[in-house]
Each structure stands twice: as structure tokens, then as C-alpha cells.
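Novice:
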Amino acid sequence: MARLYGKQRRILVTGGAGFLGSHLCERLLDQEHDVLCVDNLFTGTKRNIQHLLSHPNFEFMRHDVTFPLYVEVDEIYNLACPASPVHYQHDPVQTTKTSVHGAINMLGLAKRIGAKILQASTSEVYGDPAIHPQTEDYWGHVNPIGVRSCYDEGKRCAETLFFDYHRQHRTRIKVARIFNTYGPRMHPDDGRVVSNFVMQALQARPISIYGDGAQTRSFCFVDDLVDGLMRLMDSADEVTGPINLGNPTEFTMMQLAQQVGIAANVQVAIAHRPLPPDDPKQRKPDISKALELLGWKPTINLAEGLAKTVAYFRAIENLNAPEGRT
Ligand code: NAD
Ligand code: UDP
Ligand code: UDP
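1 is the number of the first residue of the sequence shown in my numbering; add one for each residue after it.
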């Protein structure tokens, strides 16, 4: 159903109560769009969207995207999927279902109503990459049967579905390959490296480095990432992606631990733990495509982003003391 008036769009954000999704909902509301947030609250929380619930243009629907969804919108951001290894490995079959059945349902919805649809894909489609930095034309190096496969292969299959709906049904698609992103509203217990290190630093516990800490990642602050997603959605229809979105500045986990220590203003002690299976050794996006096609590049460096993240974790820890975190 076409819009009748104005530039205001009706936008569905699946996974909208999660870390990235809640920031995205906020930014879309700032632009005066109507936002429908659909989330089953598996890893997301109502607390992330509490401040949006009374907004006249915001609606929350508790729903699992593995089931069909019949709504009328102009655009769909498909973010529903647990993202941290601890969370997505908790119920791996559900993780694959969320990526694959979720993509089929959201693409079926987009096809029926003629909506534009963006998929939150991931750098994990490159697996443990054999080329460095990773460009979008690299097909990846993924173990199909390992403990990370439910996420990696689920996301790869979702990309396949997006491109097949595009070729077969002319569905307008956008595929973003998101690299490690951090910031306020990450779940403190989600097991990801930034939240783990920040919590450990704030609680004066040793920083848990998996393996020797020489593996690398590139960390993008959430505001930059959300800006990239919105630019991609607003780009010309020919720009389908996949497009890497991430911060190309690369750090070893040892360097990250030091940076967290500086941001939290504490002396950090290191505790080495075993490296999880299939842990990629290096990860760094080539973002020339995003720069060329979207005019996008990150603007917030790690020190600045960590300072904001530390402030957030400090605040929620104090907020919940002394009863404990919820
Ligand atoms: P998150 O876990 O905070 O958010 C995911 C949201 O999806 C949660 O609110 C969760 O409750 C919801 N969800 C999960 N399964 C669902 C289902 N079946 N039906 C409806 N809702 C469901 O994670 P995030 O970091 O905000 O990630 C958002 C998206 O971005 C994910 O698709 C993730 O794969 C992708 N991504 C994130 C990163 C990152 O570093 N944060 C990197 C690459 C890709
Ligand atoms: N679907 C949905 N909402 C819609 C339209 C479709 O959730 O508004 C789901 C529906 O459950 C279907 C899936 O999307 O299984 C794929 O739809 P499509 O039309 O591509 O395929 P088909 O219905 O023929 O299986
Ligand atoms: N990592 C770590 N200590 C932790 C959590 C993670 O050293 O407490 C490492 C992990 O082994 C990986 C990197 O940090 O090499 C990033 O892990 P994360 O789970 O954040 O994301 P992903 O592996 O999916 O990039």
C-alpha cells in the first residue's frame, strides 16, 4: 500500500529491542518516521526501548520472525538474530531458523507489500578469512559444521535468499555486512569482547583474553554503524550490496584490553583463557565500497567510543545496585 502524504515513512525494525536495533529505532524516530519494532525479546530487552514506548510514532510488537508477519510498511530493517557467540550458540537450531525462516518471512512480506528491505548480515560470512582486509567479493572461509556455523551459515543463507528474491521477484534489497560493533546498550553479560572487558575493568576483575590475544578485530561505534545502515537504506535501488560496514582500524585483543583500562582509568590485570573453536584470527573491513557508494566512513575512534561505553556500563551498574543487575 503506497503512502498518501509526505516524506514520513512507516518502517519495520525487526530485532528493534536489541543493541543495534534500539539505536536505529531512536534515529528513525528523530527523522520523524513511524517505527514498528518487532522483537521476541530473546536477547533484547524492553529497557532498551523504554524511553521510546510513549513516543507517538513508536509501536512495539512482541513477535518471533520465524512466524509469518502481516503488516503494512514502506521499509524493513531485518536485524532480528542473536549476535554474540554465547547467545547464538545457546540454541543453535533456533539461531539458524531465525536467520533463514526470518529472512523468508520478511522477504515474503516485502514482496507482498513492495517494501524495500535491508538485511543485517555480518563479517562472519567471511569466516576465518584467508584474505586481509576483507573485500565484499571474497567468498569466505567458513566451517559448515562447527559451533559458529548456525550463525555464519544462517547469515550466508539469508544473503542467498535476499539475492534470489531480488533476481526472481525484483524485491528491492540492501545487504550490509556488519563488522564488530560496540557501544551503550550492549548486554553486559553477552560474552562479547568489549562488554566482557569493560565489565571486568569496572569490577576490578582480571581481563579474560582468549588465547594469546594476538587475534585482531576492528571495532565500530554504534552511532557510526547506524548512520551507515540508514545511508544504505536510502541509497539508489541499484545499490543492493553486499556492503561492508565497520571501522577499519584494527586492534589485537591485548591492545583492546589496554584501551579499556585507559577508558575505565584502571590498571588491568590479564587472565588468559582457552581460545574458543573456530575463532577467526583476524578481521578488518575494506570499506572503499561504502565510502564510494554511500559517502560513509566511521568518525568515532576507539578511545572516544570506549569512553561512552564505559560511562553507560557504569551508569547501569549503579542504577541496579544493590539489588543486582536485571
Ligand atoms: P542483539 O542480540 O542485541 O539484538 C538482536 C535482537 O533480535 C534482540 O533484541 C533479540 O531479542 C531479537 N531476536 C532474536 N531472535 C529473534 C526472533 N526469532 N524473532 C524476533 N526477534 C528476535 O544483537 P545486535 O548486536 O543488536 O545485532 C543486531 C543484528 O546485527 C543481528 O542480526 C546481528 O547478526 C547483526 N550484527 C551485529 C554485529 C555486532 O557487532 N553487534 C555484527 C554483525 C552483525
Ligand atoms: N509472509 C509473511 N507476511 C506477508 C507475506 C508472506 O510473513 O505479508 C511469509 C509467508 O509465511 C511465506 C513467506 O513469507 O511463507 C514467503 O512468502 P512468499 O510469498 O515468497 O512465498 P510463499 O507464500 O509462496 O511460500
Ligand atoms: N574474546 C576475548 N575475551 C573475551 C571475549 C572474547 O579474548 O572475554 C576474543 C574472542 O576470542 C575473539 C574476539 O575477542 O577473538 C572477539 O570476540 P567476540 O565474541 O566479541 O566477537 P566475534 O568473535 O564474533 O568477532
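Glycine included, C-beta positions come from ideal geometry on N, C-alpha and C.
1) Say yes only if the C-beta of residue 193 is nearer than 8 Å to one or more non-hydrogen atoms of ligand 3, and no if none qualify.
2) Looking only at its own chain, which residues have a Cβ that is under 7 Å from the Cβ of residue 321, when we skip the five neighbours before and after it?
3) For residue 152, report the span of its alpha helix (DSSP H) as first-last.
4) For residue 95, name the three-state secondary structure that DSSP assigns.
5) Measure the alpha-carbon distance for residue 315 versus residue 202 and round it to whole angstroms.
6) Could you tell me which whole alpha helix (DSSP H) segments of length 4 or greater appear in the stretch 60-124?
7) For ligand 2, which residues count as neighbours when the test is a C-beta closer than 6 Å to any heavy atom?
8) Below 8 Å, can you find three or more Cβ-Cβ pairs linking the stretch 174-193 to the stretch 227-240?
9) Flag this pair as touching only if the stretch 107-118 and the stretch 259-274 have three or more C-beta atom pairs under 8 Å; answer yes or no.
10) CA-CA distance, residue 66 and residue 99?
11) Where residue 101 and residue 78 are concerned, what is the direct C-alpha to C-alpha distance, given to the nearest angstrom?
12) As an exercise, report each continuous beta strand (DSSP E) stretch of at least 3 residues that is fully enclosed by the stretch 202-245, in chain order.
13) What does DSSP give as the partner residue(s) for residue 283 in the beta ladder?
14) What does residue 251 pair with, by DSSP beta-bridge criteria?
15) For residue 219 and residue 32, I'd like the C-alpha separation in whole angstroms.
16) My guess is that residue 291 and residue 235 are in contact by the Cβ rule of under 8 Å, so how many angstroms apart are they, rounded?
17) Leaving out the 5 sequence neighbours to the left and right, which residues in its chain are closer than 6 Å to residue 324 when beta-carbon positions are compared?
18) Residue 111: which of 86, 76 and 226 sits nearest, CA to CA?
19) Out of 271, 184, 212 and 60, which has the shortest C-alpha to C-alpha gap to residue 308?
20) Is residue 84 near ligand 3, going by C-beta to nearest heavy atom under 8 Å?
21) Does the stretch 134-144 come within contact of the stretch 188-203, defined as at least 3 CB pairs closer than 8 Å?
22) Residue 51: beta carbon under 8 Å from a heavy atom of ligand 4?
23) Give me the Cα-Cα distance between residue 317 and residue 187, rounded to the nearest whole angstrom.
24) Can you look up residue 309 in the DSSP assignment and give me helix, strand or coil?
25) Here's the rule I'm using: 16 or more other beta-carbon atoms within 10 Å means buried, otherwise exposed. How should residue 1 be labelled?
26) With distances taken Cα to Cα, identify the nearest neighbour of residue 27 among 263, 224, 267 and 252.
27) So, is residue 134 buried or exposed, given that buried needs 16 or more other C-beta atoms within 10 angstroms?
28) Please classify residue 95 as buried or exposed, where buried requires at least 16 other C-beta atoms within 10 Å of its C-beta.
29) Is any non-hydrogen atom of ligand 1 found closer than 8 Å to the C-beta of residue 81, if you look at the structure I gave you?
30) Report the option in 11, 47 and 196 whose CA atom is closest to the CA atom of residue 58.
Specialist: Quick answer:
1) yes
2) Any reading at residue 321 must be qualified, since the residue scores a pLDDT of 42, below 50, and its modelled position is unreliable; the value itself is stated next. Nothing listed; no residue qualifies.
3) 149-169
4) helix
5) 11 Å
6) 85-88 and 92-113
7) 68, 69, 70, 104, 105, 108, 109, 111 and 112
8) yes
9) no
10) 8 Å
11) 12 Å
12) 207-210, 216-218 and 243-245
13) The partner list for residue 283 (beta bridge, DSSP) is empty, contrary to what the question assumes.
14) 217
15) 29 Å
16) At roughly 13 Å, the Cβ-Cβ gap does not stay under 8 Å, so residue 291 and residue 235 are not in contact.
17) Reliability of the predicted coordinates at residue 324 is poor, the pLDDT of 38 falling under 50, and the value obtained from them is presented with this limitation in mind. Contacts found: none.
18) 76
19) 184
20) yes
21) no
22) In the structure on display, ligand 4 does not appear, and the ligands it does have are ligand 1, ligand 2 and ligand 3.
23) 12 Å
24) helix
25) Unreliable positioning characterises residue 1 in this predicted model, as indicated by a pLDDT of 46, which lies under 50. A coordinate reading is not provided.
26) 224
27) buried
28) buried
29) yes
30) 11
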